[in-house]
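Colleague:
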Amino acid sequence: MAFPPAFLDELRSRIVLSDVVGRRVKLRKGPRGEFTGLCPFHNEKSPSFTVSDDKGFYHCFGCGEHGSVFDFVMNTENLQFPEVVEQLAGTAGMEVPRQSAAAAEAARRSATLHEVLDKAAVWYSDQLNAAQGVGARDYLKKRGVEPDSAAAFRLGFAPDARTQLKDALLARGVSDAQLVETGLTVKPEDGGASFDRFRNRLMFPILDSRGRVIAFGGRALGDARAKYLNSPETALFHKGRTLYGLFQARQPIRDTGTAIVTEGYMDVIALVDGGFSHAVAPLGTALTEEQIELLWRFAPEPVICLDGDAAGRRAALAAAERALPLLKPGLSLHFAQLPDGEDPDSLIRARGAAAMRQVLDAAVPMNELLWWKERRAQPVDSPEREAGLRARLETLCREIRDPDIRGAYQRLFRARMDEEFGGPRSRGAERGRGSRDWGANIPRPGGFRRGPSPLLRQTSLGRGEESSGREGFIVGVPLVAPAVLVVGEEAFAQVHLADTSLDRLRGAILQASATVAGLDSETLHDHLAKQGFGEIATRLTAAVVRVNPNLRADTALEETELAWREAMALHGRASLQKEIETAWLEFTEDSSEEKRDRVTSLQEELGDAQGVRTRGNLLNPA
Numbered sequence: 029m030a031f032p033p034a035f036l037d038e039l040r041s042r043i044v045l046s047d048v049v050g051r052r053v054k055l056r057k058g059p060r061g062e063f064t065g066l067c068p069f070h071n072e073k074s075p076s077f078t079v080s081d082d083k084g085f086y087h088c089f090g091c092g093e094h095g096s097v098f099d100f101v102m103n104t105e106n107l108q109f110p111e112v113v114e115q116l117a118g119t120a121g122m123e124v125p126r127q128s129a130a131a132a133e134a135a136r137r138s139a140t141l142h143e144v145l146d147k148a149a150v151w152y153s154d155q156l157n158a159a160q161g162v163g164a165r166d167y168l169k170k171r172g173v174e175p176d177s178a179a180a181f182r183l184g185f186a187p188d189a190r191t192q193l194k195d196a197l198l199a200r201g202v203s204d205a206q207l208v209e210t211g212l213t214v215k216p217e218d219g220g221a222s223f224d225r226f227r228n229r230l231m232f233p234i235l236d237s238r239g240r241v242i243a244f245g246g247r248a249l250g251d252a253r254a255k256y257l258n259s260p261e262t263a264l265f266h267k268g269r270t271l272y273g274l275f276q277a278r279q280p281i282r283d284t285g286t287a288i289v290t291e292g293y294m295d296v297i298a299l300v301d302g303g304f305s306h307a308v309a310p311l312g313t314a315l316t317e318e319q320i321e322l323l324w325r326f327a328p329e330p331v332i333c334l335d336g337d338a339a340g341r342r343a344a345l346a347a348a349e350r351a352l353p354l355l356k357p358g359l360s361l362h363f364a365q366l367p368d369g370e371d372p373d374s375l376i377r378a379r380g381a382a383a384m385r386q387v388l389d390a391a392v393p394m395n396e397l398l399w400w401k402e403r404r405a406q407p408v409d410s411p412e413r414e415a416g417l418r419a420r421l422e423t424l425c426r427e428i429r430d431p432d433i434r435g436a437y438q439r440l441f442r443a444r445m446d447e448e449f450g451g452p453r454s455r456g457a458e459r460g461r462g463s464r465d466w467g468a469n470i471p472r473p474g475g476f477r478r479g480p481s482p483l484l485r486q487t488s489l490g491r492g493e494e495s496s497g498r499e500g501f502i503v504g505v506p507l508v509a510p511a512v513l514v515v516g517e518e519a520f521a522q523v524h525l526a527d528t529s530l531d532r533l534r535g536a537i538l539q540a541s542a543t544v545a546g547l548d549s550e551t552l553h554d555h556l557a558k559q560g561f562g563e564i565a566t567r568l569t570a571a572v573v574r575v576n577p578n579l580r581a582d583t584a585l586e587e588t589e590l591a592w593r594e595a596m597a598l599h600g601r602a603s604l605q606k607e608i609e610t611a612w613l614e615f616t617e618d619s620s621e622e623k624r625d626r627v628t629s630l631q632e633e634l635g636d637a638q639g640v641r642t643r644g645n646l647l648n649p650a
């Protein structure tokens, strides 16, 4: 039902958002007039849910849920928009404008079409469990799909018959026109009789956010020109705005704080069976802008995990480029790389859920994927090609509409260029802190500081021990002294962190650095608490200070920066050493030129990091 805009504006003005939210959430009023409480859309122990009566919206910094009073009631009470308006209007003592005859007819027709599609889903499910569905059941068994999973996703079977569905639904009171309108049947252009669209296919009902069937996907079980076939666009179904499995995944996404975006129907089901119930799929390989923004309503940084083939990699890159203009503080994408030739379904069946977890844990942020794409577009073996790479990266950055994020990407890419091709930039000059050079104390050929600084020597890292707190120290220093980010932000963003919790905290720290003015330790901790990182930030700060008692907010900034820089340099060298060991083992098994060059390249990189140019190595002794 369409309501006059003036009526909706008046209704908003009469409804106090905090009163409506307060019926379900215990709210506490803050000093600025905003309210905070525990988010009703995901499990949390520290409040990250805010309500602003002045702005007229709520927002959760933990799960990303955001909306107006209408959205809140729809999402918490599972009501449609017209029902919400009726309810709130009654509370406000307002009379709802009468629906026009045309609008009433459209609403009635939509409800009827939902009923038609639901009848089709029930019929397809019955066929799957009937004698003629034995082939489809064998296929599901072969793919490892349990009967409970088939039932949860309402899987079905379309028999290999021209009008079997049509005849069955006509007998149940559905009209031929309704079957055509829902896309269940096809009407020939020559005016002949309609026939079933789906034949000899495993059927996947596609649901809307309320769990209503709006379309179908069908997987061919025999020879067919199209392996997968979707319903056409209809009044209920818009392919580019829909994600398969989202209805089932809503709560798991909120519980985990993230979503896995995979390629197909079977991948979603395989992931759910493997314990990854927060999985969804676009209806095709290319994510649309609408689907990206739909994902962000539930998870701030979904993980894109498409098939490990050329098409999947192209689709991942297309998603990254499509998301660039849409980026907002705290909202981005991560990308997981599956092994060549694998999809989530095949990987889980062959190697188990642990292998899938390893893939997801290794997901990289979007900036890393874009750097990889442009860096490998062509060899950078001349000044002209180096300039071309810089120009391509700058062009990508200009696609970002948000000025803060655009600036952060520019600084990051420029630092990567300077690191790889020389010409380090002074970050201090950019932010008005003098001309300190971030790279001045990083070991490089031609002389460097021997031995760790006094502050770093107090740590197990500085003593050369394999400390489990190495990454904790690197992430903890900005918590104690955020001023180090003035000159070290890019290096901090690039350092590899195996601990996923610390990696997420690092992302939140970088977000605060880019968006919060006058950032000191107290302000940073307050910001992180609102993002759901309060507990880990407090714990890590205490641990860092406990292990390094001389590291405090009032410690001389130069001393703190030096220890931090050296810690990251040591960590980088340790990571390189592990890569070398792995590459060497691979070379012993496969003595190809490619494997040989990989070992040599890594050893040269390690030599540069240590400030020495290797004359010989394992493969080429001096």
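For what it's worth, the numbering used here labels the leading residue of the sequence shown as 29, then goes sequentially. We treat Cβ as the ideally placed atom computed from N, Cα and C, and that holds for glycine.
Find the nearest neighbour of Ala346 within the set Ser360, Thr316 and Pro367, judged by alpha-carbon distance.
Modeller: Within the sequence shown, the letter at position 318 stands for residue 346. For the residues Ser360, Thr316 and Pro367, the minimum Cα distance to Ala346 belongs to Thr316.
Colleague: Do you know how far the Cα of Pro330 is from the Cα of Ala382?
Modeller: In the sequence shown, the residue the question calls residue 382 occupies position 354. In the sequence shown, the residue the question calls residue 330 occupies position 302. So the two alpha carbons sit approximately 20 Å from each other.
Colleague: Going straight from the alpha carbon of Leu424 to that of Gly369, what length do you get?
Modeller: Numbered from its first residue, the sequence shown carries residue 424 at position 396. Numbered from its first residue, the sequence shown carries residue 369 at position 341. Cα to Cα, Leu424 sits roughly 29 Å from Gly369.
Colleague: Got a sec? Which residues, its chain only, sit under 8 Å from Tyr437 by beta carbon, not counting five neighbours each side?
Modeller: If you number the sequence shown from 1, residue 437 lands on position 409. Cβ within range, chain order: Asn395, Leu424, Cys425 and Ile428.
Colleague: Distance, Cα to Cα, Gly220 vs Trp400?
Modeller: Within the sequence shown, residue 220 is the residue found at index 192, counting from 1. Within the sequence shown, residue 400 is the residue found at index 372, counting from 1. About 54 Å.
Colleague: Report buried or exposed for Pro367, applying the criterion of at least 16 other Cβ atoms within 10 angstroms of its Cβ.
Modeller: As a first step, residue 367 must be located in the sequence shown, where it is residue number 339. With fewer than 16 other Cβ atoms within 10 Å, it is exposed.
Colleague: Would you mind sorting Glu261 into buried or exposed? The rule is 16 or more other CB atoms within 10 Å of its CB.
Modeller: On the sequence shown, position 233 is the one that residue 261 refers to. It is exposed - the Cβ of Glu261 has fewer than 16 other Cβ atoms within 10 Å.
Colleague: Going by alpha carbons, who is nearest to Leu145 out of His87, Ile242, Ala117 and Ala339?
Modeller: Against the sequence shown, residue 145 aligns to sequence position 117. Of the listed residues, the one whose Cα sits closest to Leu145 is Ile242.
Colleague: In whole angstroms, what is the alpha-carbon distance linking Asp531 and Asp251?
Modeller: As a working mapping, residue 531 is identified with position 503 in the sequence shown. As a working mapping, residue 251 is identified with position 223 in the sequence shown. Going by the C-alpha atoms only, they are around 47 Å apart.
Colleague: Evaluate contact between the stretch 410-418 and the stretch 332-351, counting only Cβ atoms and requiring at least three cross-stretch pairs below 8 Å.
Modeller: no
Colleague: I need the DSSP call for Arg229, collapsed to helix, strand or coil.
Modeller: Indexing the sequence shown from 1 puts residue 229 at position 201. In the structure shown, Arg229 sits in a strand (DSSP, three-state: E or B).
Colleague: Comparing alpha-carbon positions, which option in Glu422, Arg379, Glu291 and Arg325 lies nearest Gly358?
Modeller: Residue 358 sits at position 330 when you count from the first residue of the sequence shown. Checking every option, the nearest Cα to that of Gly358 belongs to Arg325.
Colleague: Measuring alpha carbon to alpha carbon, tell me which of Ala248, Leu322, Glu402 and Arg51 ends up nearest Asp236.
Modeller: For the purposes of this step, residue 236 is taken as the residue at position 208 of the sequence shown. When C-alpha distances from Asp236 are compared across Ala248, Leu322, Glu402 and Arg51, the shortest belongs to Leu322.
Colleague: How many Å lie between Asp99 and Met596 at the Cα?
Modeller: Mapped onto the sequence shown, residue 99 falls at position 71. Mapped onto the sequence shown, residue 596 falls at position 568. Computed Cα separation, rounded: 45 Å.
Colleague: Between the Cα of Glu114 and the Cα atoms of Leu36, Ala343, Gly84 and Gln160, which residue gives the shortest distance?
Modeller: Counting from 1 along the sequence shown, the entry for residue 114 is found at position 86. Each of Leu36, Ala343, Gly84 and Gln160 was checked against the Cα of Glu114, and the nearest Cα belongs to Leu36.
Colleague: In this structure, does DSSP put Cys425 in helix, strand or coil?
Modeller: As a working mapping, residue 425 is identified with position 397 in the sequence shown. Here Cys425 sits in helix by DSSP.
Colleague: What three-state label does DSSP hand Ala348 in the structure shown?
Modeller: Within the sequence shown, the letter at position 320 stands for residue 348. If DSSP states are grouped into helix, strand and coil, Ala348 belongs with the helices.
Colleague: Sort out for me which residues DSSP pairs Ser80 with in a bridge.
Modeller: On the sequence shown, residue 80 is found 52 positions in, with the first residue counted as 1. DSSP, once it has assigned bridges, lists Phe85 as partnering Ser80.
Colleague: Given that a residue counts as buried once 16 or more other Cβ atoms are within 10 Å of its Cβ, and exposed if not, what is Asp224?
Modeller: The residue you call residue 224 lines up with position 196 of the sequence shown. Answer is buried; the Cβ neighbour count reaches 16.
Colleague: Leaving out five residues before and five after Ala199 in sequence, what residues of the same chain have Cβ atoms less than 6 Å from its Cβ?
Modeller: Translated into positions along the sequence shown, residue 199 becomes position 171. Excluding sequence neighbours, Ala199 sits near nothing in its chain.
Colleague: Between the Cα of Val101 and those of Cys91, Thr119, Gly90 and Phe89, spot the shortest distance and give me the residue it belongs to.
Modeller: One-based indexing of the sequence shown puts residue 101 at position 73. Nearest option by C-alpha distance: Thr119.
Colleague: Look at the alpha carbon of Thr191 and the alpha carbon of Ala378, and state the distance between them as a whole number of angstroms.
Modeller: To locate residue 191, count along the sequence shown from 1; it is residue 163. To locate residue 378, count along the sequence shown from 1; it is residue 350. So the two alpha carbons sit approximately 39 Å from each other.
Colleague: State the beta-bridge partners of Lys356 as determined by DSSP.
Modeller: One-based indexing of the sequence shown puts residue 356 at position 328. For Lys356, which the question treats as bridged, DSSP gives the partners Leu359.
Colleague: Does the Cβ-Cβ distance between Val112 and Val48 come in under 8 Å?
Modeller: In the sequence shown, residue 112 corresponds to position 84, counting from 1. In the sequence shown, residue 48 corresponds to position 20, counting from 1. No.
Colleague: In whole angstroms, what is the alpha-carbon distance linking His306 and Ile281?
Modeller: The sequence position of residue 306 within the sequence shown is 278, counting from 1. The sequence position of residue 281 within the sequence shown is 253, counting from 1. The straight-line gap from Cα to Cα measures roughly 5 Å.
Colleague: On the DSSP letters alone, give me the boundaries of the alpha helix (DSSP H) that Thr119 sits inside.
Modeller: As a working mapping, residue 119 is identified with position 91 in the sequence shown. Phe109 to Ala120 is the span of the alpha helix (DSSP H), which, as asked, contains Thr119.
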